[in-house]
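Novice: Chains as they are written, first to last, in the numbering used here: chain P, 89 to 200; chain L, 68 to 175.
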């Protein structure tokens, strides 16, 4: 079964450092998403991406965050200057036109 | 925006027991999915069920769209069913709104 692949599975970084989380969505999917889950809390929407531009973003997705599809297969989330409160599990997801989302295994970010 | 409420928040079962998890939505949704988050944190898609009933092995789900709720049934539960179950819904986009989840523990 096709899957969404995320790397790294776990990253530890110092406050103020830049972090890039990478995702390879399912190959024939057109819509891409990032969600995050702070430990013990629910999963929250960050951003959706279609046709090489952001289609929707939440208020969490401030100027510190950016997304990019640098080539035909990767989809990245960059956090410019990490804060302690950015520590969370970050999930990438992709969907076809039917909007049935398939999630990756997640990237756990720990900011010290 | 859409609000999603799940119940119960926690559930402890003996292996072999059946259970029903509920998800209520504050507004109509066009997309509704149930997920299982395993102990490693992975979100496994169980059902895409904006309406009607679906079954997959010991799991089944029913969504009554007109009354804005969905139910997930787990029959003959096993220890591997343990984890957190989330429902999530959206309007016409992929912006899924998640509930707080039901934490299920199945004891041997």
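By construction, the Cβ of each residue, glycine as well, lies at the ideal position given by its N, Cα and C atoms.
On a predicted model such as this, the values are computed, not experimentally measured, just so you know.
Could you name the residues of the same chain whose beta carbon sits closer than 7 angstroms to that of residue 83 of chain L, not counting the 5 residues immediately before and after it, in chain order?
Specialist: Here residue 83 of chain L refers to the residue found at position 16 when the second chain is read from its first residue. Once the five neighbours on either side are set aside, the close Cβ partners of residue 83 of chain L are 143, 144.
Novice: Between which two residues does the beta strand (DSSP E) containing residue 101 of chain L stretch?
Specialist: By one-based count along the second chain, residue 101 of chain L stands at place 34. Per DSSP, residue 101 of chain L belongs to the beta strand (DSSP E) from 98–104.
Novice: Our contact map puts residue 167 of chain P next to residue 152 of chain P with C-beta atoms below 8 angstroms; I'd like the distance itself, whole angstroms only.
Specialist: For this step, residue 167 of chain P is matched to residue 79 along the first chain. For this step, residue 152 of chain P is matched to residue 64 along the first chain. The pair is a contact, with the Cβ atoms about 6 angstroms apart (cut-off 8 angstroms).
Novice: Note down the Cα distance separating residue 117 of chain P from residue 184 of chain P, rounded to an integer number of angstroms.
Specialist: Locating residue 117 of chain P in the first chain gives position 29, where the first residue counts as 1. Locating residue 184 of chain P in the first chain gives position 96, where the first residue counts as 1. The alpha-carbon atoms of residue 117 of chain P and residue 184 of chain P are separated by roughly 5 angstroms.
Novice: Let me confirm a value: residue 162 of chain L is counted as buried when at least 16 other C-beta atoms fall within 10 Å, else exposed. Which label applies?
Specialist: Reading the second chain from its first residue, position 95 is the one you call residue 162 of chain L. Looking at its Cβ environment, which holds 16 or more other Cβ atoms inside 10 Å, residue 162 of chain L is buried.
Novice: Whether or not the region 84–104 of chain L and the region 122–140 of chain L are in contact is what I'm after, with contact meaning three or more pairs of Cβ atoms, one per stretch, closer than 8 angstroms; do they touch?
Specialist: Cβ pair count under 8 angstroms is three or more, so yes.
Novice: What does the alpha-carbon distance come out to for the pair residue 98 of chain P and residue 179 of chain P?
Specialist: Along the first chain, read from residue 1 onward, the residue named residue 98 of chain P stands at position 10. Along the first chain, read from residue 1 onward, the residue named residue 179 of chain P stands at position 91. Whole-angstrom Cα-Cα distance: 12 angstroms.
Novice: Quick one: what's residue 194 of chain P bridged to in DSSP?
Specialist: What you label residue 194 of chain P is simply residue 106 of the first chain in a count that begins at 1. According to DSSP, residue 194 of chain P bridges with nothing at all.
Novice: Taking contact to mean at least 3 C-beta pairs separated by less than 8 angstroms, is the region 89–104 of chain P in contact with the region 130–147 of chain P?
Specialist: Too few Cβ pairs lie closer than 8 angstroms, so no.
Novice: Given a cut-off of 8 angstroms on the beta-carbon distance, is the pair residue 113 of chain L and residue 104 of chain L in contact?
Specialist: On the second chain, position 46 is the one that residue 113 of chain L refers to. On the second chain, position 37 is the one that residue 104 of chain L refers to. For residue 113 of chain L and residue 104 of chain L, no; Cβs fall outside 8 angstroms.
Novice: Sorted by chain position, which residues of the same chain lie with C-beta nearer than 6 angstroms to residue 196 of chain P's C-beta, five sequence neighbours on each side aside?
Specialist: Here residue 196 of chain P corresponds to residue number 108 of the first chain, with the count starting at 1. The residues are 98, 177.
Novice: Just the chain P side, please: which residues come within less than 8 angstroms of residue 157 of chain L by C-beta, in chain order?
Specialist: As a first step, residue 157 of chain L is located in the second chain; it is residue number 90 there, counting from the start. Per Cβ cutoff of 8 angstroms: 187.
Novice: Quick check: the Cα distance between residue 158 of chain P and residue 164 of chain P, rounded to an integer number of angstroms?
Specialist: The count along the first chain starts at 1 and reaches residue 158 of chain P at position 70. The count along the first chain starts at 1 and reaches residue 164 of chain P at position 76. Their Cα atoms are separated by approximately 8 angstroms.
Novice: Measuring only the C-alpha atoms, how far is residue 174 of chain P from residue 121 of chain L?
Specialist: In the first chain, the residue the question calls residue 174 of chain P occupies position 86. In the second chain, the residue the question calls residue 121 of chain L occupies position 54. Those two C-alpha atoms are separated by around 37 angstroms.
Novice: List in chain order: all unbroken alpha helix (DSSP H) runs of 4+ residues lying wholly within the region 89–114 of chain P.
Specialist: Segments of the alpha helix (DSSP H) lying fully in the region 89–114 of chain P: there are none.
Novice: Classify residue 148 of chain L: buried if its beta carbon has 16 or more other beta carbons within 10 angstroms, exposed otherwise.
Specialist: Here residue 148 of chain L corresponds to residue number 81 of the second chain, with the count starting at 1. Answer is buried; the Cβ neighbour count reaches 16.
Novice: So, helix, strand or coil for residue 113 of chain L, using DSSP?
Specialist: Here the question's residue 113 of chain L lines up with position 46 in the second chain. Strand.
Novice: Since I believe residue 100 of chain L is in contact with residue 188 of chain P (beta carbons under 8 angstroms), could you give me their beta-carbon distance rounded to a whole number of angstroms?
Specialist: Along the first chain, read from residue 1 onward, the residue named residue 188 of chain P stands at position 100. Along the second chain, read from residue 1 onward, the residue named residue 100 of chain L stands at position 33. At roughly 7 angstroms, the Cβ-Cβ gap stays under 8 angstroms, so residue 188 of chain P and residue 100 of chain L are in contact.
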